[in-house]
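The working numbering applies: residue 631 is where the sequence shown begins, and numbers increase by one. Where a beta carbon is used, it is the ideal one built from N, C-alpha and C, also for glycine.
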Amino acid sequence: MHRPPISVVIPCKDEEHHLAACVQSVLGWADEILIADSGSTDKTLAIAHDFCTAHPRLCRLIQREFISFGSFKGWAVNQCRHDWVLVLDADERMTPALRREIDKVLSKSDCPDAFLVGFDHYYLGYRIRHGAWNHKVVRLFRKSVANYDAGAIHEKVVVSTGRVGILKGRLEHRTCTCLDRWYQKKNRYTTVGALEKWKRGKRARLWDLTLRPITAFVKSFIVKMGFLDGMGGFLVAVDDAVTTFQTYLKLWAIAHPRTAELTRGSSAAENDVLAHLPKRSDVTFDTGIGADSSSRVELAHS
């Protein structure tokens, strides 16, 4: 029995440095490739158009404003022609071993409706095998029974049947290759994270700004054994601590608009969250995030 056809969805925004390699990793294997853009201003669209021109029956470019991570990816999944969908962020690559495993498991008539996939992370060239990033997420699933929830950050796939398997193969994740681009993205992610926490009624206290970053470092470097990755594990643990501090600092800034402010953008996602903020004219925000792991509105591991 041959495996059923698979659609690959690649959410992206301003991913000119990653998109081509991501698409090439599934060319010749995927039965459909959807490049879902959420407002790129660099060469991403030109690269996408080149693939669509070279492979008109295989590649499609779809575009929409980013509203939230989950809703954007869910919308893109619904545009797929095939029931089986694999979601790849633009900084991820399909591997030969994972391709072979997927071909094998989907050829079975009684296979689960979704699969958890792990990652081979690379941070500034360091291979990250441990730490807080060492987890699996649902990336391969049947869209007839599964799709993304509407969460704006740390989105997940909800599988209505509960039938979820685990793949041994891993995706390659080139997460941080340039510090400037990385911290631009992190700055946007932490703004969205702070906005979402505020919307859910969370507030930043002194211990959030002091102990939470330390806890994030200890969890990544000690509890999750990031120290086994040497310098790479240390850098990732520090990055986790800094991200935690920035998120709660911005959450604190929302409640103290006369002392500090973020910079306002104009996306639908922000407008929804802003409705829940204090009625003070000097509170402003700037996410600038789009779909991927990046239209004004992007996803990722953070």
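The three-state secondary structure of GLY748, taken from DSSP, is strand.
In this structure ALA666 is buried. Its beta-carbon is surrounded by 16 or more other beta-carbon atoms within 10 angstroms. Residue environment for ASN708: exposed (fewer than 16 other C-beta atoms within 10 angstroms of its C-beta). For PHE771, the uninterrupted beta strand (DSSP E) run begins and ends at 767-772, by DSSP. In the three-state scheme derived from DSSP, where H, G and I count as helix and E and B as strand, CYS741 is classed as coil.
Taking C-beta atoms as the reference points, ARG772 and ASP750 fail to come closer than 7 Å. It is roughly 10 Å from the alpha-carbon of MET861 to the alpha-carbon of TYR753. The region 655-663 makes contact with the region 682-692: 3 or more CB pairs, one atom from each, lie closer than 8 Å. Judged by DSSP secondary structure, ASN777 falls within the beta strand (DSSP E) whose first and last residues are 776-778.
Excluding the 5 residues flanking it on each side, LYS880 has same chain C-beta neighbours closer than 7 Å at THR820, THR821, ALA824, LEU892, in chain order. The C-beta separation of HIS648 from ASP721 comes to about 5 Å, placing the pair in contact by the 8 Å criterion. CYS642 is classed as buried because its beta carbon has at least 16 other beta carbons within 10 Å across all chains shown. DSSP lists ASP667 as the bridge partner or partners of CYS642. At the C-beta level, ALA883 and PRO843 stay beyond 7 Å of one another.
When the Cα atoms are used, TYR813 and THR874 turn out to be separated by approximately 13 Å. One thing to note: HIS760 has its Cβ no nearer than 7 Å to the Cβ of LYS849. Every alpha helix (DSSP H) stretch that sits fully inside the region 826-880 and reaches 4 residues is listed by chain position as 836-848. Annotation for PHE681: VAL653, CYS689 place their beta carbon closer than 6 Å to its own, counting only its chain and skipping 5 residues before and after. For the pair GLY799 and ALA846, the CB atoms are not nearer than the 7 Å cut-off.
Burial is judged here by how many other beta carbons sit within 10 angstroms of a residue's own beta carbon; TRP705 has at least 16 and is buried.
The criterion of a C-beta distance shorter than 7 Å is not satisfied by SER668 and PHE699. Residue pairing from DSSP leaves GLN709 without any beta-bridge partner. Per DSSP, reduced to three states, the secondary structure at TRP882 is helical. Where VAL735 is concerned, the enclosing alpha helix (DSSP H) starts and stops at 726-736. Shortest Cα-Cα distance from ARG818 to any of GLN876, ASP838, GLY856 involves GLN876. Of the candidates LYS766, VAL735, VAL789, LEU801, LEU801 places its Cα closest to the Cα of ASP719.
Beta-carbon to beta-carbon, ALA776 and VAL789 are separated by about 4 Å, close enough to satisfy the 8 Å threshold. Residue VAL794 holds the alpha-carbon nearest to the alpha-carbon of VAL767 among LEU736, VAL794, ALA650. With distances taken between CA atoms, GLY792 lies nearest to PHE745 out of TYR878, THR807, THR805, PHE745. Cα atoms of SER637 and VAL866: separation of roughly 32 Å, rounded to the nearest angstrom.
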